[in-house]
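Numbering (the numbering used here), first residue to last: 8 to 432. Using N, Cα and C, we set each Cβ at its ideal position, and we do this for glycine too. Shown next, in structure tokens, is the structure this report addresses.
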Ligand code: ADP
């Protein structure tokens with residue numbers, strides 16, 4: 008069959024054109040797919056066939072990206088609350104309505120145990136007050152607080168908050184505990200302190216009142232009795248004054264104990280000061296030997312506070328360490344700290360009493376120390392001042408041989424003598 012040349016030409020042209028249009032269509036379709044998958048946020052305006060769909064792709068992409076943003080925000084928020092729950096500084100425990108543990112944070116795990124999930128909290132965490140608190144919560148269905156105490160040792164105290172909350176369809180309980188052991192200890196220390204301070208003040212007040220009664224009665228006309236009782240009043244009043252002064256000093260030191268003192272101490276000036284002052288106070292010039300530092304030593308700290316430390320320790324050495332041999336006051340420079348040492352050759356201290364010496368109002372021999380006008384606060388003040396200076400106090404004593412009180416103070420602010428010594432040993 009004969010086909011005209013022009014017809015063949017037209018047919019080939021039509022095929023070619025259709026092929027081109029098909030390729031163009033496929034390319035345009037791929038572009039459209041890409042724009043949807045890449046979520047282009049701007050109108051692209053580069054389609055040939057799908058030009059009309061561009062606004063739809065654009066608005067679809069806008070909706071998608073808004074939804075994605077919302078999901079990301081929610082994910083961040085969920086992660087934040089998960090972290091917040093897990094790392095919360097107090098124990099947090101979630102229970103179902105039968106008091107079984109469903110979740111607990113890091114502090115909760117430390118308090119109970121890691122695999123406590125699924126166990127009943129009353130059995131897993133043995134604390135007095137817990138069952139009552141949860142039962143009260145079941146009745147009120149809202150929010151309850153209570154005080155809990157561990158049954159084992161060491162004894163610990165907790166404030167507890169328990170409240171119901173909805174999780175999906177379930178009712179769950181959030182239990183938050185706050186460890187109040189230190190507060191309790193502090194309160195009991197405060198109570199003891201007040202009781203001791205009142206007791207210490209009551210003794211001289213009673214003595215003064217007794218004297219006044221005698222002076223108003225039989226002592227009125229008797230010169231001898233009057234002089235004797237006036238002397239007692241003077242002695243007891245000065246005891247009261249020392250007690251109040253020491254109490255105020257102790258309170259002031261405790262208030263600033265956790266802030267490192269500013270200033271500089273020249274140990275050489277401190278020794279010169281003590282060498283002039285101490286003999287004047289005790290008039291025992293020949294019984295004190297000072298070994299001045301041979302080199303210039305400066306340390307950070309409060310001059311008057313460290314002078315107070317030395318005066319208190321020397322005062323004790325004079326009061327309790329009386330012997331024929333002179334009291335020695337020395338200074339030594341070690342690698343990163345200095346040692347100020349007061350050595351006496353007196354009656355010494357029993358080993359079991361040494362750790363108690365820095366407790367407030369502690370005296371080895373109650374009545375003898377009182378007789379000497381002591382307050383029982385001197386070494387407590389010493390301890391707090393040294394701790395403020397990141398230093399430490401070492402006491403060595405042998406009954407009958409004497410005692411050595413060694414004050415170690417860092418040469419630089421950032422060094423803590425206690426930590427340094429622990430690392431070296
Ligand atoms: P105070 O001297 O006011 O009683 P301190 O706190 O300074 O209070 O001392 C507490 C107790 O430690 C003293 O009552 C004393 O029994 C004992 N003590 C302190 N230093 C010495 C010492 N160098 N030798 C023997 N006993 C001491």
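- Annotation: residue 390 to residue 78 spans about 58 Å, alpha carbon to alpha carbon.
- In the structure shown, residue 307 falls within a strand segment according to DSSP collapsed to helix, strand and coil.
- Ligand 1 never approaches residue 148 closely enough for any of its heavy atoms to be under 7 Å from the residue's Cβ.
- Residue 101 and residue 179 have their C-alpha atoms roughly 7 Å apart.
- Shortest gap from the CB of residue 385 to any heavy atom of ligand 1: under 7 Å.
- The way I'd put it, the stretch 292-306 doesn't touch the stretch 251-266; fewer than three beta-carbon pairs between them come closer than 8 Å.
- When the Cα atoms are used, residue 407 and residue 158 turn out to be separated by approximately 45 Å.
- Distances from the CA of residue 428 to each of 409, 419, 398, 420 were compared; the closest alpha carbon is that of 398.
- Residue 129 is a Cβ neighbour of residue 138, given a cutoff of 8 Å.
- Bounds of any beta strand (DSSP E) do not take in residue 276; it lies within the alpha helix (DSSP H) bounded by 274-289.
- Distances from the alpha-carbon of residue 186 to those of 359, 386, 96 put 96 closest.
- Here residue 134 is bridged, per DSSP, to 157.
- When C-alpha distances from residue 311 are compared across 341, 276, 286, the shortest belongs to 276.
- By the criterion of a C-beta distance shorter than 6 Å, residue 240 is surrounded in its chain by 215, 218, once the five residues flanking it on both sides are discounted.
- Taking 8 Å as the cut-off, the Cβ atoms of residue 380 and residue 367 do not count as close.
- Residue 369 has its Cβ nearer than 7 Å to a heavy atom of ligand 1.
- With respect to residue 385, residue 309 sits apart: the two C-beta atoms are not nearer than 8 Å.
- Counting along the chain, residue 185 sits inside the beta strand (DSSP E) bounded by residues 177-186.
- Residue 415 is bridged by DSSP to 346, 399.
- The C-beta of residue 72 has fewer than 16 other C-beta atoms within 10 Å across all chains shown, which makes the residue exposed.
- Note that the stretch 340-355 touches the stretch 411-424; at least 3 beta-carbon pairs, one per stretch, sit closer than 8 Å.
- Not one heavy atom of ligand 1 is found less than 7 Å from the C-beta of residue 117.
- Residue 236 counts as buried, since no fewer than 16 other beta carbons sit within 10 angstroms of its beta carbon.
- In the DSSP assignment, residue 169 is bridged to 151, 182.
- In the DSSP assignment, residue 102 forms a beta bridge with 108, 180.
- With contacts defined by Cβ atoms closer than 8 Å, residue 272 and residue 306 form a contacting pair.
- Secondary structure at residue 195: helix, using DSSP grouped into helix, strand and coil.
- If you ignore the 5 residues before and after residue 203, its C-beta comes within less than 8 Å of the C-beta of 367, 368, all in its own chain and listed in chain order.
- The C-beta of residue 53 has fewer than 16 other C-beta atoms within 10 Å across all chains shown, which makes the residue exposed.
- Apart from sequence neighbours up to five positions away, the residues of its chain that approach residue 151 with a beta-carbon distance below 7 Å are 140, 143, 144, 169, ordered along the chain.
- Inclusion of residue 126 and residue 108 in the CB contact set at 8 Å is warranted, their separation being smaller than that value.
- The beta carbon of residue 64 is closer than 6 Å to those of 42, 43 in its chain, skipping five residues each way along the sequence.
- By the CB criterion at 8 Å, residue 364 and residue 402 fall inside the cutoff.
- Distance from residue 315 to residue 388 at the Cβ level is roughly 7 Å; contact confirmed, criterion being Cβ atoms closer than 8 Å.
- Judged by DSSP in its simplified three-state form, residue 54 adopts coil rather than helix or strand.
- Annotation: residue 118 to residue 190 spans about 18 Å, alpha carbon to alpha carbon.
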